[in-house]
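In the working numbering, the protein residues as written are 2 to 352.
Virtual Cβ for every residue (Gly too), placed ideally from N, Cα, C.
This one's a predicted model, so the numbers in the text were calculated from it and none came from an experiment.
This report refers to the structure that appears directly beneath it.
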């Protein structure tokens, strides 16, 4: 069965406006059709280094909701993002819903895209979660450290690396205060802060997901953090998991042990410095190795996602990789899971 096909029409002037500055955050007007009816939308480019690719990713707004159209250009399987988000859902961490589709722009077949649910108000509403505030970790300054990772100098603001998506100046200040306290409190005082202001179970499951899928870029940016209104604790949501399951964000094959079992960033290091939390993390990892992080649990999802792209993948002239590489990807992902399980079992012994 073929993938759903959507047609986007962008006017000449609007197309030129997009092309003049690929880094612009401004939306332009367009229309979206499923072949039956057309609706007005707003569209802009999205992403980091991928904006310079011929096949670009987009952010669209329609009927008050936001969606992302990811080109998945560097991933020869085109399923790593979707697979990762499904894995997070399996282990109890809310993550975006996804759907593969074919996009046509101004009558031209642009190939297979991954439609990704945006982490915004509707994301929480669909899941019955009431969030007081929401921040995106937009660059590698979002590692919960008071220093700039590039210069080693103190940040001008502890909010550097984050974008406030939902909330007020008070919520921004609250996160800054948490980061400051995280880096100044010690001993029992710090442990009380962590258990009071962090949903530790959510964080450890999010950490386990990032570690198991091998997302090297997922600890200091490429995540969302929100404050749960009822508990006033921070929780994590994964984002941008294309560089996973045995390949990095450029599609290069990487070893299964690229990401260490304890992950990265200042918050992770502080949490795992406490024996009780470290033991809790060890239990989480052990349980996941017995249940969800197995080839029996994951490979049926891989095959379902992968086969769904056929026959459209053979007609996709925008792809970066030869079709033979696409066809071999389930085996590469399976080998990664097998190797990563060995890494994890070895690493757990030293936790």
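Asked	Found
Figure out for me which residue from 100, 342, 35 has the closest Cα to the Cα of residue 310.	100
Going by Cα to Cα distance, which pick from 270, 131, 241, 93 is closest to residue 167?	131
I need the straight-line Cα distance from residue 336 to residue 292, nearest angstrom please.	18 Å
Mind checking whether residue 318 and residue 112 have CB atoms under 8 Å apart?	yes
With residue 58 and residue 51 assumed to form a contact (beta carbons below 8 Å), what rounded beta-carbon distance in angstroms separates them?	6 Å
Would you kindly check if the distance between the Cβ of residue 106 and the Cβ of residue 9 is under 8 Å?	yes
Can you tell me where the beta strand (DSSP E) holding residue 239 begins and where it ends?	235-239
Can you tell me where the beta strand (DSSP E) holding residue 356 begins and where it ends?	This structure does not reach residue 356, given that the chain is present from 2 up to 352, and the question cannot be answered.
Thinking residue 221 and residue 251 are a contact (beta carbons under 8 Å), I'd like their distance in whole angstroms, please.	Not quite, the Cβ-Cβ distance comes to about 18 Å (not below 8 Å), so this is no contact.
Look at the alpha carbon of residue 256 and the alpha carbon of residue 225, and state the distance between them as a whole number of angstroms.	27 Å
Going by beta carbon distance, what residues of the same chain come within less than 6 Å of residue 321, once the five residues before and after it are set aside?	74
For residue 135, does the three-state DSSP call read helix, strand or coil?	strand
Grouping DSSP H, G and I as helix and E and B as strand, with all else coil, what is residue 127?	helix
Quick one: is residue 20 buried, meaning 16 or more other Cβ sit within 10 Å of its Cβ, or exposed?	exposed
Which one or two residues does DSSP pair with residue 103 in a beta bridge?	6, 113
Within 10 angstroms of its Cβ, does residue 98 collect 16 or more other Cβ (buried), or is it exposed?	exposed
Identify whether residue 43 lies in helix, strand or coil by the three-state DSSP scheme.	strand
From residue 1 to residue 314, what does the alpha carbon distance come to, in whole angstroms?	Here the chain covers residues 2 to 352 and nothing more, so residue 1 does not appear.
Considering only C-alpha positions, which residue in the set 203, 148, 254, 184 is nearest to residue 239?	203
Work out the CA separation of residue 352 and residue 46 for me, nearest whole Å.	43 Å
Classify residue 198 as buried or exposed, calling it buried when 16 or more other Cβ atoms lie within 10 Å of its own Cβ.	buried
Using the rule of at least 16 other Cβ atoms within 10 Å of the residue's Cβ for burial, across every protein chain shown, is residue 38 buried or exposed?	exposed
What do you reckon, are the CB atoms on residue 78 and residue 307 nearer than 8 Å?	yes
Below 8 Å on the Cβ atoms is my contact criterion, and I expect residue 206 with residue 92 to pass it. Report the Cβ-Cβ distance as a whole number of Å.	5 Å
Just reading off the alpha helix (DSSP H) that residue 70 is part of, what are its end residues?	Here residue 70 belongs to no alpha helix (DSSP H); instead the beta strand (DSSP E) covers 66-71.
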